[in-house]
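Residue numbers (the numbering used here): -16 to 220. Cβ coordinates follow ideal geometry from the N, Cα and C atoms, glycine included. The block underneath contains the structure these notes are about, expressed in structure tokens.
Below you can see the structure in the form of structure tokens.
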């Protein structure tokens, strides 16, 4: 085999692994809020392809465990025709909730592609899984409280050996998802980590910033996935 053919085959093979994968079935929202006071919480999904897909869904806690989750998800498996919308339903089990704070779980939505009808239709198919957070609120917690929770955050700095940590202390009953978490204009890599209700979360600070006065700029994600207004505070790193 000459070098030209080898190079061409290598390029084709490489390109086959570089093609982007797109989800045919996806949730309509990026996060779900379920209230114990509601009879059920709908989760809208859509199939944007022209083919029918089976859809499998399940719940897990933040550690990947599926036991002792205070939610019922139905149906766990459904068929969704091409260009159609479907609906999952979440029912909260109030008796199993922590009564004074929000809980969070993962909802996974796995598309199952249709089988090839003939050998000629055989092709590489990548099944995409979507994951979104489900925030569960017991009686007494509401959207207004969730919006205002970020205003109660306080910040402390800790030094542990060679690492400097910025700690977000959250006295509220709600998880806080950061839309933005910046120190002196630089976004922190682990901003996705959420300060838990009545808890805290540490964030590693780059060594170049240690020992300096710093401005923290932060905002919270809303129930619908949008970022709120920026807040700022000063700390000594």
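Going by C-alpha positions, residue 132 is about 19 Å away from residue 217.
Residue 213 and residue 168 have their C-alpha atoms some 12 Å from each other. Three or more beta-carbon pairs separated by less than 8 Å link the stretch 158 to 168 to the stretch 185 to 197, which places the two stretches in contact.
The stretch 43 to 56 makes contact with the stretch 67 to 79; the number of CB pairs closer than 8 Å reaches 3 or more. DSSP places residue 211 in the coil class of the three-state scheme, outside both helix and strand. With respect to residue 120, residue 94 sits apart: the two C-beta atoms are not nearer than 8 Å. Secondary structure within the stretch 7 to 77: the beta strand (DSSP E) runs of 3 or more consecutive residues, fully enclosed, are 8 to 10, 14 to 18, 24 to 30, 36 to 43, 54 to 57, 60 to 63, 68 to 75 (chain order). The C-beta of residue 45 has fewer than 16 other C-beta atoms within 10 Å across all chains shown, which makes the residue exposed.
Less than 8 Å separates the beta-carbon of residue 203 from that of residue 160. The beta carbon of residue 220 is closer than 7 Å to those of 140, 147, 188, 192, 193, 194, 195, 197 in its chain, skipping five residues each way along the sequence. In chain order, 62, 95 place their CB closer than 6 Å to the CB of residue 37, counting only its own chain and leaving out the 5 sequence neighbours on each side. Taking 8 Å as the upper bound for CB-CB distance, residue 157 and residue 129 are in contact here, some 5 Å apart.
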